[in-house]
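K.L.:
The C-terminal position of the sequence shown is numbered 209 in this note's numbering, with every residue numbered one higher than the one before it.
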Amino acid sequence: MKIIHPNTTLPFFQSTNCRPPLPIISSLRSILLFFIIALMSACTSFDRSSSPSPKVTHVNQLIEWQARGKVLLKNEQEKVSGYFFWHKNGDDFTLSLNSFIGTNVLTLNVKNGLSTLEVDGNSYQGNDPESLIYEVTGNNIPVSTLSSWLLGDVNNNNGYISDKKVVQKRLQSFNYQAPYEPAWLVKYDDYKLVDKLQLPHKLNVQNAKSRIKLTINDWEFIR
């Protein structure tokens, strides 16, 4: 493609019998302006449709969300660390734990009251996700309530909450006791501002035999 300098006159404009170039240049400018406006409109439309975060003022308004971060699981026999991915949609959720090299440790899917656990290429099913995880892996993970604790919310728990400590409207710690389950102590070490919501960044969940340490690095609010 030959590049023409703006101040260079095209050869066929040199004849005195030809029309001056002003109408053609004006036409080219109009076409260029049209494409610029169309491009800006397309970009604006894309930006609006690509924003996934709904406008929420409290975590109780969230129906579907995702969280990613680091996890440490420790019991009397072993210690496992890696990454976690949590997707919650209403009462259904998926929890995936992976090692730092990307190996899947476990994946739990809870949908319509049925829990499916995948570990080492094998699949297990049951009605109670906590019992299923403990029977297969030996780990106590209060997954049914942990999804609410990730949000700093203790209002959707079926157990008994005691010794709740709140500082500057931020939940700091509490004790949780559910029927036929071990008691848990939950502590929040740090918070971050996410879409105008103060959400936990680091929390520890522990009882006499188990400890779970979570660092949430990424939130996505879907609806």
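For every residue, glycine included, the Cβ atom is placed at its ideal position computed from N, Cα and C.
#1: Assess, as a yes-or-no matter, whether the segment 151 to 160 is touched by the segment 51 to 65 under the definition of 3 or more beta carbon pairs within less than 8 Å.
#2: Going by alpha carbons, who is nearest to N84 out of N75, D78, L94?
#3: Counting Cβ pairs, one atom from each stretch, are 3 or more of them under 8 Å apart for the segment 71 to 82 and the segment 39 to 59?
#4: Give me the Cα-Cα distance between D78 and V129, rounded to the nearest whole angstrom.
#5: Excluding sequence positions up to five away, which residues of its chain have a Cβ less than 6 Å from the Cβ of K199?
#6: State the DSSP-derived secondary structure class of T123, mapped to helix, strand or coil.
#7: Sort S82, I119, K188, A194 by Cα distance to D176 and report the nearest one.
#8: Closer than 8 Å: is that where the CB of E104 sits relative to any heavy atom of the ligand ATP?
#9: With the cut-off set at 9 Å, would you say P115 and V96 are in Cβ contact?
#10: Can you give me the C-alpha to C-alpha distance between R209 and L48, rounded to a whole angstrom?
#11: Please classify N98: does DSSP put it in a helix, a strand, or coil?
#12: Nearest to L92 by CA position, among G124, T201, L103, is which residue?
#13: Nearest by alpha-carbon distance to D204: which of S196, Q192, R197, V180 is it?
#14: Based on Cα-Cα distance, which residue from G124, Y120, N143, E121 lies nearest to T131?
#15: By DSSP, does T89 sit in helix, in strand, or in coil?
#16: Going by DSSP in three states, Q63 sits in which element: helix, strand or coil?
#17: Between which two residues does the beta strand (DSSP E) harbouring V152 extend?
P.N.:
The answer reads as follows:
#1: no
#2: L94
#3: yes
#4: 11 Å
#5: L58, N190
#6: helix
#7: K188
#8: You won't find the ligand ATP in this model; it holds no ligand whatsoever.
#9: yes
#10: 6 Å
#11: coil
#12: L103
#13: V180
#14: N143
#15: coil
#16: coil
#17: 146 to 153
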